[in-house]
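To start, the structure under review is shown below, and the notes come after it.
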Amino acid sequence: MLRLTNKRRKEASVKRVLTLENEIELVEGCRAGKESARKELYTLYSKQMLAVCYRYTGDVDAAYDVLHDGFIKIFTHFTFRGECALGTWVTRVMVTQAIDYLRRRQRFSQLVVNEERLPDIPDETGIAETGNCIPEEVLMAFVAELPDGCRTVFNLYVFEEKSHKEIAEMLHIKEHSSTSQLHRAKSLLAKRIKEYIK
């Protein structure tokens, strides 16, 4: 549950190989400011990126705002250099945009958690196995319900595979706060999964 599975990684790499030739053409079109290339890029990634934005904001309207601002940023400053897959770069832009959105709204104020208040996490193996029986949409809804700080750290750690040191630098918090928030997120998710199963 806490890191992407090998199966999902393989699926992502297969998609990347299948679209690599088209990707070069698409990138060149976007760099040239071609409307058709921009429309294709938006069509190709908007649904997936909306899900990414929602994972971070936890609010549908805010997710659409972040998505809109993210694509405006992409189209006005197309800085893709080809160091990673286009989809990875678009995701990074959206994640950065979502974090900026949350920061502007001062939604990181609760990032410091007193360790004595942290609940114990039930057996992760049992929860991970149970989590596999729950539809992905339901799990993503549980993630969206997390408090802003927990949700952001959880997303960066699990989906973007950032270390606590990297998360701390991105969010301008202490590394310990990142680990505390992840612990809290796992605990809250475990509780929601147990409630859902009952």
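Here the sequence shown is numbered in the numbering used here, starting from 959 and rising by one per residue.
Every residue gets a Cβ at the ideal spot worked out from N, C-alpha and C, and that includes glycine.
If we ignore side chains and look at the alpha-carbon of each, how far apart do residue i and residue j end up?
i, j, result
"R1050", "L1060", "15 Å"
"P1077", "Y1003", "Caution is warranted here: a pLDDT of 47 is assigned to P1077, below 50, making its placement in the model unreliable, and the coordinate value is therefore given only provisionally. Spanning the two alpha carbons is a distance of roughly 38 Å."
"R961", "K1120", "Below a pLDDT of 50, predicted positions are generally treated as unreliable, and R961, at 49, falls in that range; the measurement from the model is reported next regardless. Going by the C-alpha atoms only, they are around 10 Å apart."
"Q1055", "E1153", "33 Å"
"Y1115", "H1122", "7 Å"
"V1018", "R1150", "20 Å"
"I982", "V1101", "34 Å"
"V1048", "A1009", "13 Å"
"P1105", "E979", "41 Å"
"Q1064", "T1001", "31 Å"
Flag this pair as yes or no: are the beta carbons of residue i and residue j separated by less than 8 Å?
i, j, result
"L1146", "C1108", "yes"
"A1126", "E1133", "yes"
"F1033", "R1062", "no"
"I1057", "M1128", "yes"
"G1016", "E1118", "no"
"L1168", "E993", "In the structure as shown, the chain begins at 959 and stops at 1156. Residue 1168 is therefore absent and cannot be evaluated."
Rank the options by C-alpha distance to the C-alpha of residue i and give the top, closest one.
i, options, result
"F1112", "R1063, Y1014, E983 and A995", "Y1014"
query = Do the region 984 to 991 and the region 1011 to 1030 make contact, defined as three or more Cβ pairs closer than 8 Å?
reply = No contact exists between the region 984 to 991 and the region 1011 to 1030.
ask   = Taking contact to mean at least 3 C-beta pairs separated by less than 8 Å, is the region 1038 to 1049 in contact with the region 1097 to 1104?
value = no
request  = Any chance you could list the alpha helix (DSSP H) runs of at least 4 consecutive residues sitting entirely within the region 987 to 1040, in chain order?
outcome  = 993 to 1015 and 1018 to 1034
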